[in-house]
Amino acid sequence: MSVESLEKVLQSHPFFADLDPGLLETLVGCASNLVFKAGEFLAREGNPADRFFLVREGRVAVEIFRAVGGPLTVETVGGGEVLGWSWLFPPYKWHFDARAVTGVRALAFDAACLRRKLDADKAVGYEVVRRFASVAVQRLESTQLQLVDMYVESR
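For the sequence shown, this note's numbering begins at 5 and goes up steadily by one.
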């Protein structure tokens, strides 16, 4: 895939769709196009969080491992969504497993490359962190609703 087409793919993803073209150009050099088969891991808890993903197609289960009962899916991320913000915060370790439920096409961003660019260009850094903060708030609200549902069901 050429850089030009990668820029178009990046621009068409909802996470970066309205990003200023100049800022988008800064990010594209850290991106690569990846494909995962169903069952493959995109991330493993405790491993270095050396990238994040923009899911283009497919579904990814975000899981925690239970000693009794095995993996528990806490969230499913699909096409048009972002996966992973552990790359932003030291010690840069994944907090969950992420496993492809179906075949997945994703853009992966090299974390070290991106952190260097975010540090060098504060406008890009602010915009990327702002977008990740929005995702974190949405996911926390979703988790809150799940916990409320679990509490109500257990009564």
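Beta carbons are placed, not taken as given, at the ideal position from N, Cα and C, and that holds for glycine.
- In the same chain as S36, and ignoring 5 residues on each side of it, the C-beta atoms closer than 6 Å to its own belong to A112, in chain order.
- Judged by their CB atoms, W91 and L118 are nearer to each other than the 9 Å cut-off.
- If the five residues before and after G82 are omitted, its C-beta is found closer than 8 Å to the C-beta atoms of V59, G62, R63 and V64, all from its own chain and listed in chain order.
- The C-beta distance from V86 to V139 rounds to 6 Å, short enough to fall under 8 Å.
- Collapsing the DSSP output to three states places K97 in a strand.
- Nearest Cα to D54 within the set S9, V78, A115 and Q148: A115.
- The continuous stretches of beta strand (DSSP E) do not include V32, which lies in the alpha helix (DSSP H) extending over residues P25 to V32.
- Contact between the stretch 70–78 and the stretch 20–34 is not established, with fewer than three Cβ pairs separated by less than 8 Å.
- Excluding its 5 nearest sequence neighbours in each direction, S146 has C-beta neighbours in its own chain below 8 Å: E79, listed in chain order.
- Counting along the chain, R48 sits inside no alpha helix (DSSP H), nor does DSSP assign it H or E at all.
- Comparing alpha carbon positions, the residue from P95, F45 and E131 closest to P25 is E131.
- Exposed is the label assigned to D123, since fewer than 16 other Cβ atoms lie within 10 Å of its Cβ.
- Taking 9 Å as the cut-off, the beta carbon of V66 is found no closer than this to the beta carbon of A110.
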